[in-house]
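Undergrad: Structure below; questions to follow.
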Amino acid sequence: MSCFKAPSVPAYAPSYAPSSLSSASSSSSYDGATAGYESGDEVQPGSDGTAPRLSVLEALAGKAVLITGATGYLGGVVLEQLLRVAGSVVGPVYVLARARAGKDPRERVARVLGSGLFTQLRRSHRASLAKGDLMHPGCGISEAALREMAAQPALVVIHSAARIALDDPIQETLRNNYEGTRRLLGLLESRLPNCAGFVHVSTAFVGMNQPHNSVVPERLQPLMFGDQRVDHARLARELMTCDKEMADTRAALLCKNWDLPNTYLLGKHLSEALVEQYHREGRLAGGACIVRPSLVSAIAGAPYPGYVGNLAGPSGYMTAFALGFFNSDSAAWHAWHLLDSVPGDVAAAVTLGAAAALAAGIRSREALHQLTAAAEEAALAAAAAARRREGAASAARRRRSLRIPSVDSPSSDGAGGRPRAHHPDIRAHHPHQYHHRHPSPQTPSAFTDAASVGTAGPLTAAPAAPPAPPSGVTAKVAPGRGGEMLVFHAATSSINPCMHYEAYQLAWRFFSKHTPKWRLGGYAMAGPDYTPVPWKVAFKKRITGVKVALAAGLLGCFGEKRAARRLRTGFTAWSYANDVKHDKTLFFSVRNVLALERCLPPAERASLPLVWRGSWVDFGNTYMAAVCKLFMGVPVPPSTPELPHAFVFQPFEIIPERDWPALAGAPRVSRGGVPVAPPVPVPTAALAAAPAAAAAPASPQSAAAIPEGDDDYTNGADQKTGARAAAAAAEAAATGGVGVGTKAAPAAPVAVEMAGLAG
0 MSCFKAPSVP AYAPSYAPSS LSSASSSSSY DGATAGYESG DEVQPGSDGT APRLSVLEAL
60 AGKAVLITGA TGYLGGVVLE QLLRVAGSVV GPVYVLARAR AGKDPRERVA RVLGSGLFTQ
120 LRRSHRASLA KGDLMHPGCG ISEAALREMA AQPALVVIHS AARIALDDPI QETLRNNYEG
180 TRRLLGLLES RLPNCAGFVH VSTAFVGMNQ PHNSVVPERL QPLMFGDQRV DHARLARELM
240 TCDKEMADTR AALLCKNWDL PNTYLLGKHL SEALVEQYHR EGRLAGGACI VRPSLVSAIA
300 GAPYPGYVGN LAGPSGYMTA FALGFFNSDS AAWHAWHLLD SVPGDVAAAV TLGAAAALAA
360 GIRSREALHQ LTAAAEEAAL AAAAAARRRE GAASAARRRR SLRIPSVDSP SSDGAGGRPR
420 AHHPDIRAHH PHQYHHRHPS PQTPSAFTDA ASVGTAGPLT AAPAAPPAPP SGVTAKVAPG
480 RGGEMLVFHA ATSSINPCMH YEAYQLAWRF FSKHTPKWRL GGYAMAGPDY TPVPWKVAFK
540 KRITGVKVAL AAGLLGCFGE KRAARRLRTG FTAWSYANDV KHDKTLFFSV RNVLALERCL
600 PPAERASLPL VWRGSWVDFG NTYMAAVCKL FMGVPVPPST PELPHAFVFQ PFEIIPERDW
660 PALAGAPRVS RGGVPVAPPV PVPTAALAAA PAAAAAPASP QSAAAIPEGD DDYTNGADQK
720 TGARAAAAAA EAAATGGVGV GTKAAPAAPV AVEMAGLAG
């Protein structure tokens, strides 16, 4: 049976139940991480009030969150998920964005908020902006914005900004990905000591240097020169300071030595080593961890099934197939190799789960698995106690039927000549005394492999020390004592695998029925024994490139410039990905993610799916229907019994300039020009009630229910509220922070600041 009960979802949404394509998810045991959950009695940690657990809402309650890359696809999904799931309890949310292509950062953020992804939040969230750029010293963030962030009791940072061009010159890759990460980490260390955790979004394909059919563990795998780890800072400095030609030549040779297919992965390896150094040396108070998504695809569930924001990865594959780029011998993959793709909402949920773990004080691999083992021990103990109670009740019923006096009966003391009834097992009277001397055969499983603990064997199931409280930041740990850095894979190959042949068949069935208006040719069928021939693949790609150039030129002549642009863009994305050097099956371990999932309450496991167990057929149909509308400009194909899908188009909405995000750190004014108090830290006393408030239904006076005319969602207050807040702030300043004869000022709105790379 499945390791976990699938959360219930609406009938129209793709199911998270185990798929027929997944043998791993329905097998008796996945690996050591799931041992003990394959029996008939499923253990659900967290159902017992005494069982250790981790709540994302409680961990993030009252904490500020800084997100980079929110103008990109995955960063935008993380932002939406954070505001929708935890927006009522989380503190101010800051998002870094930069000016680009002549567009002001405020306009770029407004376009993100106007997309169909944010349909549910356009009138309920609050947004602020801090101009900045990870390419500049200090990340280009203003002093006022830095002071505002530093004033928060705790700040969780999610760094998802990156340039994802696979074959960029090495200096361009390092300038965007490595140097941007280095500047951000330096800023956190020097100016934002309240950092309660740093989540670095990398890629699962840093494991591409592993052999075919390898299992890639959730841990750092540093580049090596012989038996020595590569000095990431020295190598990056050497590549950045030499001339461009020499840098590119050396990077190409290094990639060959390390069996890396492109410079993007080389830059990601160096960035991971940089983050691990900060964690190992205890330079960030809240520690650091890494999230590695595989190929990020469309959203599978809420709020917008099928939505995808770019043509990277599987989206480019689908568009290329629909446009007729794939013909006989042009595919660069073996039919039986795995295509590891993860829905965007699952990747975002893993990112938020990682942030919550750090915020709750779980800052090492050892601490996470100890918490999981403790949760399992508590759940097993509760189940054993229930069995003992049931056994005692059954024995009592048998005694009553046989008229045997119970051990507690006053007449059973032997005074009346009647025998005393003794329990056959003295341990029933003192279960705790014998619990550890005679353990039950059903012992908690080991959640770490031997490599994680050396020769000492697996971690014990003894409960770990309680994690730090969700609010505030603990002191920095001593260098080298923080434990092994946490790494989380957002991937599907080891839980719900899908082969290239299966994905190709899904696309062939869908687009043969729903054929786009413009395409280069028919759809070739690839058999289950298809094997690519490198020279044939390269030859067919060149022929397709010529066809694309001619077709795009003709479309431009007939006024179809948009279709021509889509054709060129789709071919570029396809030609990058469709390369034999990327054709390798790797199994990305998700032991840490499964351990994290076990600790979450059932409601949060439903709203934050950390593992994809759904149907690839249902998801694929919804995904391809979305690609038709979002990237090819054709009407949404109808959902039929043969090809059902759940995609419902949500139109883009232009947000008026008056509602664009305000600048963080700058004086806030309402629509009427009345000053509004800036975001303030959430009082500690309010943190305990925050999760309960999040679970309670919204009142008619909540932000989501206030009519648009009565609410300014740029600053979160009308003129009267703004005047009261300004008066309270002035009085507090005049009295040393304590208002005299006034009520507390209303809570400040969630602030969303944006500055950073586009992701």
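Numbering that gives the first Met the number 0 numbers the first residue of the sequence shown as 0 and each following residue consecutively.
All residues carry an ideal CB built from backbone N, CA and C; glycine is no exception.
Given the structure is predicted, the values throughout are model-derived calculations rather than measurements.
Near residue 515, what residues of its chain come up, given a Cβ to Cβ distance below 6 Å and the 5 sequence neighbours on each side ignored?
TA: Answer for residue 515: 321, 631, 633, listed in chain order.
Undergrad: Based on the DSSP secondary-structure assignment, which residues constitute the bridge partners of residue 227?
TA: Answer is 224, bridged to residue 227.
Undergrad: Determine the direct distance from the alpha carbon of residue 196 to that of residue 367, and round the result to whole angstroms.
TA: Approximately 15 Å, taken between the alpha carbons.
Undergrad: Could you name the residues that DSSP lists as bridge partners for residue 63?
TA: Paired residue(s): 154.
Undergrad: In whole angstroms, what separates the C-alpha of residue 482 from that of residue 279?
TA: Taking the straight line joining both Cα atoms gives about 8 Å.
Undergrad: At what residues does the beta strand (DSSP E) containing residue 130 begin and finish?
TA: 127 to 130 is the span of the beta strand (DSSP E), which, as asked, contains residue 130.
Undergrad: By how many angstroms is the C-alpha of residue 220 removed from the C-alpha of residue 343?
TA: About 25 Å.
Undergrad: Please classify residue 400: is it buried, with 16 or more other beta-carbons within 10 angstroms of its beta-carbon, or exposed?
TA: With fewer than 16 Cβ atoms within 10 Å of its Cβ, residue 400 is classed as exposed.
Undergrad: Grouping DSSP H, G and I as helix and E and B as strand, with all else coil, what is residue 294?
TA: Strand at residue 294.
Undergrad: Should residue 296 and residue 312 be called a contact, given that it needs their Cβ atoms to be closer than 8 Å?
TA: Yes, these two residues count as a Cβ contact at 8 Å.
Undergrad: From the DSSP output, which residues share a beta bridge with residue 487?
TA: Bridge partners of residue 487: 290.
Undergrad: Can you confirm whether the region 594 to 613 touches the region 487 to 499 when touching is taken to mean that 3 or more C-beta pairs between the two stretches lie within less than 8 Å?
TA: Yes, since at least three Cβ pairs between the region 487 to 499 and the region 594 to 613 fall closer than 8 Å, the two stretches touch.
Undergrad: What are the residues that DSSP puts in a beta bridge with residue 196?
TA: According to DSSP, residue 196 bridges with 155.
Undergrad: Could you pull out every residue in the same chain whose Cβ sits closer than 6 Å to the Cβ of residue 364, ignoring the five residues on either side in sequence?
TA: Cβ neighbours of residue 364 beyond the five flanking positions: 483, 485.
Undergrad: Alpha carbons only, please: which of 664, 642, 621, 89 is nearest the one belonging to residue 354?
TA: Ranking the options by Cα distance to residue 354, first place goes to 89.
Undergrad: Would residue 135 be called buried (16 or more neighbouring beta carbons within 10 Å of its own) or exposed?
TA: Exposed.
Undergrad: Residues bridged to residue 342 by DSSP?
TA: In the DSSP output, where bridge partners are listed per residue, residue 342 has 296.
Undergrad: Tell me residue 245's beta-bridge partners as DSSP assigns them.
TA: None; residue 245 has no bridge partner.
Undergrad: Looking at residue 158: is its Cβ nearer than 8 Å to the Cβ of residue 180?
TA: Taking 8 Å as the Cβ cut-off, residue 158 and residue 180 qualify as a contacting pair.
Undergrad: Determine which residues share a DSSP beta bridge with residue 214 and list them.
TA: Residue 214 is bridged to 586.
Undergrad: Quick test of your reading: residue 199 and residue 140, contact by CB under 8 Å. State the CB separation rounded to the nearest angstrom.
TA: Not confirmed; about 19 Å, so no contact.
Undergrad: Across which residues does DSSP place residue 95 in a beta bridge pair?
TA: According to DSSP, residue 95 bridges with 67, 129.
Undergrad: Which residues does DSSP pair with residue 89 in a beta bridge?
TA: In DSSP, residue 89 forms a bridge with 60.
Undergrad: Alpha carbon to alpha carbon, how far is residue 588 from residue 138? Give it in angstroms, no decimals.
TA: Cα to Cα, the separation comes out at about 34 Å.
Undergrad: Excluding sequence positions up to five away, which residues of its chain have a Cβ less than 6 Å from the Cβ of residue 335?
TA: So the list reads 498, once near-sequence residues are dropped.
Undergrad: Could you check whether residue 357 and residue 155 sit closer than 8 Å to each other, using their CB atoms as the reference points?
TA: In contact: residue 155 and residue 357 (Cβ atoms closer than 8 Å).
Undergrad: When the Cα atoms are used, what is the spatial distance from residue 551 to residue 79?
TA: Cα-Cα distance, rounded: 36 Å.
Undergrad: For residue 191, which three-state DSSP category applies?
TA: Looking at residue 191 - three-state DSSP - the assignment turns out to be coil, as it is neither helix nor strand.
Undergrad: What first and last residue would you give for the alpha helix (DSSP H) that runs through residue 511?
TA: From DSSP, the alpha helix (DSSP H) with residue 511 extends over 499 to 512.
Undergrad: Where residue 592 and residue 663 are concerned, what is the direct C-alpha to C-alpha distance, given to the nearest angstrom?
TA: Approximately 34 Å, taken between the alpha carbons.
Undergrad: Taking the alpha helix (DSSP H) that residue 566 falls in, what are its first and last residues?
TA: It spans 560 to 576 - the alpha helix (DSSP H) in which residue 566 sits, taken as one unbroken run.
Undergrad: Under 8 Å, do residue 202 and residue 292 count as touching if we go by C-beta distance?
TA: Yes. Within cutoff.
Undergrad: I want to know whether the region 109 to 117 touches the region 67 to 76 - three or more CB-CB distances under 8 Å.
TA: Touching, yes.
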